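Encoded as structure tokens, the structure appears first; notes follow it.
2 protein chains.
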Amino acid sequence: NHRCPPGVTIASIKVCQAVMMSDVCVFVPVSPAAERLRYILGEDDDMPNPTLFTEMDTLQQDGDELEWKESARWVKFEEKVEDGGERWSKPHVSTLSLHSLFELRTCLQTGTVVLDLEGYSLPQIVDEIIERQIDEGMLSPDLREKISFVLLRKHRHQTKKPIHRSLADMGKASGGGARECPSALWSRMAIGIPIHIIVLPKLRNKFMKKIPRDAEASNVLVGEVDFLDKPFVAFVRLAQATTLGGLTEVPVPTRFLFILLGPTGKAKSYNQIGRAIATLMVDDLFSDVAYKARDREDLIAGIDEFLDEVIVLPPGEWDPKIRIEPPKKVPTADKRKSVHSLNELGQPNGTAGGSGGHAEDEEMPVAHELGEELAHTGRFCGGLFLDMKRKLPWFPSDFYEGFHIQSISAVLFIYLGCITNAITFGGLLGDATDNYQGVMESFLGTALSGTVFCMFSGQPLIILSSTGPILIFEKLLFEFSKNNGIDYMELRLWIGIHSCIQCFLLVATDASYIIKYMTRFTEEGFSSLISFIFISDAIKKMMGSFKYYPINTDFKPDYVTAYKCECLAPDPMASMIFNGLVPVPTDNTSSLFGLNITDLDWSQLSKKECVKYGGSLVGNTCKYVPDLALMSFILFFGTYSMTVSLKKFKFSRYFPTKLRKLISDFSIFMAIMTFVGLDRLIGLKTPKLIVPTEFKPTRPDRGWIVLPFGKNPWWVYLASFVPALLVTILIFMDQQISAVIVNRKENKLRKGCGYHLDLFWVGVLMAVCSFLGLPWYVAATVISIAHIDSLKMESESSAPGEQPQFLGVREQRLTGILVFVLTGVSIFLAPVLQFIPMPVLYGVFLYMGVASLSGIQVYAFSFWERIKLYMMPSKYQPDFPFLRHVPLRRVHLFTLVQIICLAVLWVLKSTVLAILFPVMILGLLVVRKMLDMVFSQHDLAWIDDILPGKDKKKDKKKGDKDDTKKKDKKKGRADDSKDKVRNVKIYCHQLAGLEQKKPG
Amino acid sequence: NHRCPPGVTIASIKVCQAVMMSDVCVFVPVSPAAERLRYILGEDDDMPNPTLFTEMDTLQQDGDELEWKESARWVKFEEKVEDGGERWSKPHVSTLSLHSLFELRTCLQTGTVVLDLEGYSLPQIVDEIIERQIDEGMLSPDLREKISFVLLRKHRHQTKKPIHRSLADMGKASGGGARECPSALWSRMAIGIPIHIIVLPKLRNKFMKKIPRDAEASNVLVGEVDFLDKPFVAFVRLAQATTLGGLTEVPVPTRFLFILLGPTGKAKSYNQIGRAIATLMVDDLFSDVAYKARDREDLIAGIDEFLDEVIVLPPGEWDPKIRIEPPKKVPTADKRKSVHSLNELGQPNGTAGGSGGHAEDEEMPVAHELGEELAHTGRFCGGLFLDMKRKLPWFPSDFYEGFHIQSISAVLFIYLGCITNAITFGGLLGDATDNYQGVMESFLGTALSGTVFCMFSGQPLIILSSTGPILIFEKLLFEFSKNNGIDYMELRLWIGIHSCIQCFLLVATDASYIIKYMTRFTEEGFSSLISFIFISDAIKKMMGSFKYYPINTDFKPDYVTAYKCECLAPDPMASMIFNGLVPVPTDNTSSLFGLNITDLDWSQLSKKECVKYGGSLVGNTCKYVPDLALMSFILFFGTYSMTVSLKKFKFSRYFPTKLRKLISDFSIFMAIMTFVGLDRLIGLKTPKLIVPTEFKPTRPDRGWIVLPFGKNPWWVYLASFVPALLVTILIFMDQQISAVIVNRKENKLRKGCGYHLDLFWVGVLMAVCSFLGLPWYVAATVISIAHIDSLKMESESSAPGEQPQFLGVREQRLTGILVFVLTGVSIFLAPVLQFIPMPVLYGVFLYMGVASLSGIQVYAFSFWERIKLYMMPSKYQPDFPFLRHVPLRRVHLFTLVQIICLAVLWVLKSTVLAILFPVMILGLLVVRKMLDMVFSQHDLAWIDDILPGKDKKKDKKKGDKDDTKKKDKKKGRADDSKDKVRNVKIYCHQLAGLEQKKPG
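Going line by line, the protein sequences match chains G and Z.
Under our numbering, the first residue of the first sequence is numbered 112, with each subsequent residue one higher.
Under our numbering, the first residue of the second sequence is numbered 112, with each subsequent residue one higher.
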């Protein structure tokens, strides 16, 4: 046990203080490391330093030849060369040993540190370093040549191998060598030629893309040599970043150089030190320090600061062999820069309770706000003008930003959704209004309204569509007018005009601001309900095919002879034929069609004809249709599950990211194509999509323009104000709630929203559609969400291992416009569209509903996630932030209230009361208001948003609280420093005491 | 900046040395900490210390009342009380800050350490500690009362809340309080009563099960108080573990007590220190130290040793807020106990290349060995007797270990597989042998052979079944005998007898030992092929239903009237009827059935009858069967996907583990039940499982016993030796390869295998079955694997967060016997079984094939996984060990060879050559042998096993290498220590130098 002479006292205490950092020797008031760093980093923070790419090369004996072999690299995370696997490992977090960090620290303390060296080539730099070491007496001059020789050996990088190598390998392996020697070829190629002469062809490999353009390299060289008896350490910062031949794998100029050569036998230890400095070099804070360091002490302070913030895993709870996958997010350097602030540490995870709720309060979710777009201006049309002012500058970009491959898939997806919607609603409307508005009107209306809206509205991501409440309204209206002898189309026109005017009034008075009172509770209730309706509609329509095509479950294959369905002539006719008497037919049917009924071969008639001519269908198969129902089910379910699987494929490990993204983007298209193909292959007559092929109103007795006067008495024009009010509320609620959902901050929209502008255009379109006798349109929640989902952008991850971030949505008008133009020209696309079976489209509907319900990743603590919690034992529940802060039973209670509200709405929705749907949404607002009495604001802040009114109150309260807290803190700090002074004394006293006790 | 007097030199250097540990101040030869620990831990290692449960309580102000509130607990991993969430967090790895560890170290250096205190109650212990502190002058006597008061406050644990609390909460929340105060009830219940008086009702909660029985508790109490101006620290080890009232959440006696009270303002810091000591207490190594420590210095050495092994995460690459999930496995304390060995560190992951391949060689996979069961004894029946000797002791446990709920699901699963197999093979055999062996024989044979084999064999987990090659052999044999006028049954009997004798010969000569040459390559080839056959058979059978029940794809629902199928009388008959002439029928048909053909109402006949009586079927629906094909598909695919989903359900987060395990175990049963139900609901006449209901041979003209003599010429008895040889090889290969696959070490079987015994019984059964005219049986790979999978055991995880470990397979004979007894009595189960549609069973088959192919978790680097690698970009590939050591292209090449072999086998298998199947497996062995020339032994060791011959050679070589290596190492070590001596001098010199430079 060697002990140092007593003379080193002060220095060693300094070391100790520094190593142990500020609080370590608990009681030193301010860490000298932090003080130092604050000084140098504070200098000029405006010019950010270049990103560092670090490469670590180790010295390898290859036959007789020494060479530097790349063994790991860091852009942000570590990638190691798998020596046996001859490939890069996955990027992972560099786990270091505390050892290696302390060893590195010692290395920097004892080795040569050269800052701002004017270097232009490796030999010159190496000479410089060696000279310094010799000057300082750390190196014997006779080792000069040897060290220089070793440091100038060639560098071999881990790159793609040429193909012929594997043949060479094979030949060698057959020789029975126990271990391949992967460098044979290389060594033959370039024996002994020093590195700076071989200028490697610029490896413009894919990896370059992962390194930022302005990056500089830091090279770490470690190795063991037999002629040294103590380590040769050098840390060099060049004055200018210089490309030093093939030193670095990629053509990035080198700025830093760390060299560690040591005596043989400790290669592992050297490697660890190399990894430690490499990890430090890519650390945001330390690299900053490295760029700005004035001397050795600054670097050491940097290490100390790094040590100060490291996260320690206990050896018994973690297997050091596990490579830790890079986390989704790492704290930014700014947050970490504790040196800038008062040395406040980033606390490791389990802040283990503690009396202070500080940490938690700081994490509180930001208060609910819908942005200044919904402010009440108080001026006439103030909101509308602001909206226009806000959207106008984006107008050009709204078009050119649409040019992207993703747009194609979005257009296809939404187009199919829109025409399916147009056809189903068109059919239903046709039924409800005796074809005054049919499929043709539906197509035309969708195309017209959609195009105009997407062109001029405030939020072009919203997709307009017919909705359920409107359908029910039209139905009631038609019945009312028929029963009361009022002309339906004219009445409807007037309602449209009134409603339009009412909308303008709402716009002019900025009435949309009341949407502010809508919190997540209401949004979720509304969008979940709409999603459920979508899902249930899709399933209902599917199940419908079991009704249209009943299955003969009693069919016994062997008794196929017993099954038939015959068309028999009506009885009197039959008897007449029997009697040979054939009187001239007098009934309507035969005369109408100019057919002699006796000429009919009844057995040749189809089912429809048979019924038409009054024949009777006799037989046990008449009411059954084989195969179609089951085939429809297979198509429906197949389309749905294939879409889901392909969507998920994005998260699989197969194929390159881009291909997977493409597959995921086009999943719906591919699923539709597959099942259209399957349907064609089997060839069954499944129900197909049929679009109108001629441009004319569905009902022959109406034209394209509805005239406002002439058919109804004058008071109807005024009285229609009342139903118009209902329509206005309905449209207002539907439109604005959908808009709120689309504009959610999770979607990261940057172009702002335009509630007033939207409503203005919806009003205009109301009037236009009424004049043209087309259906009314309003924002469709589910399709709009699908639209947004299909336009999501993710960052292309930069450093290997970094997770792609959700960047936002491709906000533009192009996809919307294209969708609706396509809808308009669908009349000409009929030959193509007729191959698509309806069950496939229902499958797409089901997918839309489910996707909008489970609410794609972004909505992390959505209603649906909370419902899932009911079925999860708490230990398996995901680590949602709100679960850390709100008791589970409160969360459950909140979810239960939502479920009950939904159930009530669902029941009401299924009755005629559905027309009051928008009013019911107002009911949700009231329920939410009442929840304020049951839940504390703290809980609601986590699981919902806080209502605007409460918000202010809360802010004030919080403010008060903060004040007192701050005061407490200040006091605490003062106390602290007092304590520290005292404690340092005690500590030193203690040390002295120890010393006295054990003077050995 | 306070500096200590120069007197403390030695002490501070010691601190520095200790803190920095052995290599940290790189150059201190042997770490004093390690030396110390080696001494105390070496004492008596035979008595393991109890496991420690650690609870950390923090001091909380609750209104006017102070109380200790549980804030975290550790069994192995940390569980924190979510303060807001009022619940336990998920168990996670305790991430500490380096700070807190150093602070803890200082605390233990300066605070009171009392070891082996005789304590019986908390007040007494507290008094004792306070007295000591006062004695040592560390505490002013007037604080005695205050500290004692604080330390004896009551303890509140985090347990389940009574339900009425949530009502109380609600009432409170409606008052608008910003934050709930969850302790209101408690404080009202127990104001001011010191803890040792409240004896809490023994909380026999579920958590107790997670703590080992002999566990002892360590309690950590931290908090801030306003009357102290420096920390009050105490670490107490009690002489006897004592239950100190309600100090601990669970009734576990307390052994250790750590108290930290400090001045206000640093609560966070105290918490971190508390977490640090708690984490240390559950560390295997440190808890050992804590139990055996003789003084304060030992504890500090323990911390130093802990620090020595911690894993450090760089702050820029990890977010400290992330709670790290416990790893699947942690290194055992023994491996970590570097103190026992020569301070060799567990190296963190990235051993970043380095010149030494040491680490890698150490990790090399263990050599391929099949155990002593396959040793060539050289004695007559040596292997057989060894097998019996090995298996006999397990015989009783083979029965009583079968009583477990899992067995039921296994029996149901395998039973359904077996009867499906019996029926399909029975049907095929019946076709091939003109019903000499039909479904009845198949059932009987399966039951008989299976029961006998499971009862007496060496490996009762193997399931016997008919296999493809045997089927083909029987087919050829039957055709041969029919063409040559030889009696089939008698010939078959003689082949059976010969084959039996040949098996006995193989058993007597221990011939099974050649199986040793079978490596993973061959195993995988064989089992993959069998799996593919299973999958393709299942799909083929399914597709068959599209053939049996053709779909009328031209069906137009509207023209239902045009579809019929009529049975028309044969033409002459028709004309006769037409002419009124009815002659007495002379044809065979009508006379045979004694029916007057004229009495037939042809239109009432079924399809079959019509054809039988010579009628003709006329019409466009005759050849079509509606719905059945599609329904079959739905049943098939539904069963398969439901089984897969339910199996996966085990890994979901929903429902408690036990329920999920149950669902997963019974997934096949539940899927079958569901789809049987669906089939019943729809009521279509899908093809059902039909088992024979009468106990009699399928062919009426054969009896149950085949006589050996009489029907064939004498030379046939001898000549049948030749085909018997083929059968023997076939059986030998099939049986033993399946056995090798079942006995794989990944399955962790403990009862040993019995290759010779198995073969003996297969031979016996050959003969018996031949005498009874039943099919021959041999091990079925896929079903055997399914059997094992359904019997897998996993540990019930003990500490929260610990992963359940695969423990092995429930090895017993009961499930097998039950399966085959059930098969035997299936004749009586017919009324139940007849509800099961065949497509459902094909779905089960498909599942079996896919499951055995993808080879459940255990076979980590299986063929299938390697095929997947082809489609994965290397950055997404899982971190398989072999990928770290073998270049990817070599892995791909190896896989490619396997794929080609399989393809060749597959093609051959589809021809008549299939009978040579066993010989082809031998071909695989040859291919594998040739691979030795293409691949290096190093690569093969990772991706395959090494052949026995090579193995030895390699061993020798490795031995040589090791020797030299050892020598190198020794030399290196000697050099090392020399270096160290020198370096220490330099280091000290350095320090001195520094000191001279900066004398401030």
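Ideal Cβ placement from N, Cα and C applies to all residues, glycine included.
Only a predicted model underlies this, so the values are computations on that prediction, with no experimental measurement involved.
- Residue pairing by DSSP places Z:A740 opposite no residue, since no beta bridge is assigned to it.
- Ranked by how close their Cα comes to the Cα of G:M1044, the residues G:F1005, G:L1027, G:F524 and G:S1021 have G:F1005 in first place.
- Ranking G:I779, G:P580 and G:T630 by CA distance to the CA of G:T1022 puts G:P580 first.
- Scanning chain G for C-beta atoms nearer than 7 Å to the C-beta of Z:G195 yields E471, R995, H996 and V997, reported in chain order.
- Z:I1054 is positioned such that its CB atom lies closer than 7 Å to that of Z:V997.
- Annotated as distal: Z:Y659 and Z:T732, with beta-carbon spacing of 7 Å or more.
- About 7 Å separates the CB atoms of G:E190 and G:A183; that is less than 8 Å, so the two are in contact.
- By the Cβ-count criterion, Z:G334 is buried, with 16 or more other Cβ atoms from all chains shown falling within 10 Å of its own Cβ.
- G:I151 has its alpha-carbon roughly 17 Å from the corresponding atom of G:P161.
- Neighbours of G:F188 in chain Z, taken as residues at a C-beta separation under 8 Å, are given in chain order as E428.
- Between Z:S895 and Z:I574 the beta-carbon gap is near 5 Å, inside 8 Å, which marks them as a contact.
- Across the structure, Z:M319 and Z:S398 are spaced so that their CA atoms are roughly 20 Å apart.
- Assignment of G:N595 by DSSP, reduced to helix, strand and coil, places it in the helix class.
- Here G:L1035 is not near G:G561, since their CB atoms are 7 Å or more apart.
- Taking a Cβ-Cβ cut-off of 7 Å, the neighbours of G:D990 in chain Z comprise K201 and R434, given in sequence order.
- Residue range S727 to G730 is occupied by the beta strand (DSSP E) that includes G:S727.
- From the beta-carbon of G:S717, the residues of chain Z found nearer than 7 Å are D669, Y670 and T672.
- With fewer than three CB-CB distances shorter than 8 Å, the stretch 399 to 406 of chain G does not count as touching the stretch 354 to 363 of chain G.
- Residues of the stretch 749 to 771 of chain Z that bring their beta carbon within less than 7 Å of a beta carbon in chain G comprise R764, Y765, F766 and P767, in sequence order.
- Rounded to the nearest angstrom, the gap between the Cα atoms of G:V961 and Z:Y735 is 38 Å.
- Note that the stretch 541 to 548 of chain G does not touch the stretch 868 to 882 of chain G; fewer than 3 beta-carbon pairs, one per stretch, sit closer than 8 Å.
- Its chain contains S553, S576, S577, L582 and P886 as the residues whose beta carbon lies nearer than 8 Å to that of G:F536, once the 5 sequence neighbours on both sides are disregarded; these appear in chain order.
- Of all residues in the stretch 560 to 579 of chain Z, none places a beta-carbon less than 7 Å from a beta-carbon of chain G.
- The beta carbons of Z:T165 and Z:A389 sit about 4 Å from each other, so the pair counts as a contact at 8 Å.
- Z:G413 and Z:R216 have their C-alpha atoms roughly 10 Å apart.
- Sequence-distant partners of Z:S568 (beyond 5 residues in either direction) whose C-beta falls short of 7 Å from its own C-beta, in its chain, are G865, L868, D869 and W872.
- In chain order, V787 place their CB closer than 6 Å to the CB of Z:F946, counting only its own chain and leaving out the 5 sequence neighbours on each side.
- Under the DSSP assignment, G:Q923 falls outside any alpha helix (DSSP H); it carries neither an H nor an E label.
- Among the residues of the stretch 200 to 220 of chain G, those with a Cβ less than 9 Å away from any Cβ of chain Z are S200, K201, P202, H203, V204, S205, T206, L207, S208, L209, H210, S211, L212, F213, E214, R216, T217, C218 and Q220, in the order of the chain.
- Closer than 7 Å to the CB of Z:P431 there is at least one CB belonging to chain G.
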